[in-house]
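This report refers to the structure that appears directly beneath it.
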Amino acid sequence: MVKMSSGIGASRGLRGTAGGSEGRRILDDATRHRRQKKALDALEMDNFQDDPHANLVMHKKAPKFDENLETKTPKRRRTRTSEYLKQRFKKNFAMLLEEERTVGDEAGNSYSKARAPPSCFSPRKFCAVCGDVSPYTCISCGARYCSVKCQGTHADTRCLKWTA
């Protein structure tokens, strides 16, 4: 009977070894896509509001702090520029989509019907942690990572931890 001594990797519990993945769940593609869609929907709903200061009008009598007290130039009345009107009547993306759905385009061109041809290049794969090129994939959630350090960060903070 030969007794195997515990090596350096076994005592530390390295994450890259096969022994560390016994407690982790492995998800199929359908579940991964469902979780990803749920996380994206939660991100789109997060902080969805209009600008509360969009209709704020400054009073004429309010002090302007960028003026010098020594200079007394005759004040000219400014006309409203087109840039002001663009900012005043700015629409958010949801309003533009709703307007496009109701009005539509007679020629058939619309945002919802726009399509691009498929790419002739293979999709590039980037690390979910740092953004570098990633050759590795997480076996639990399918996210990509580039190094052992990024794998550790992913496993500790991101993997299957969506809060949606």
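Quick note: the sequence shown, position 119, residue 119 per full-length UniProt numbering, numbers continuous.
Ideal placement from N, C-alpha and C gives every residue a C-beta, glycine not left out.
Computed from a prediction, not measured in an experiment: that's the story for all the values here.
*When DSSP labels each residue in this structure, what does residue 129 get in the three-state scheme?*
coil
*Distance, Cα to Cα, residue 119 vs residue 125?*
15 Å
_How far does the alpha helix (DSSP H) with residue 152 in it extend, from its first residue to its last?_
148-157
*Return helix, strand or coil for residue 144, following the three-state DSSP convention.*
strand
*In whole angstroms, what separates the C-alpha of residue 147 from that of residue 98?*
44 Å
*asked:* Taking 8 Å as the threshold (C-beta atoms), are residue 144 and residue 128 in contact?
replied: yes
*Thinking just about the alpha-carbon of each residue, which of 161, 141, 42 and 133 is nearest to the one in residue 30?*
141
*Span of the alpha helix (DSSP H) around residue 121*: That residue, residue 121, is in no alpha helix (DSSP H); it is neither H nor E in DSSP.
*Quick one: what's residue 137 bridged to in DSSP?*
144
_Cα-Cα separation, residue 57 to residue 92_ = 20 Å
*Please report how far the alpha carbon of residue 32 lies from the alpha carbon of residue 101, in whole angstroms.*
32 Å
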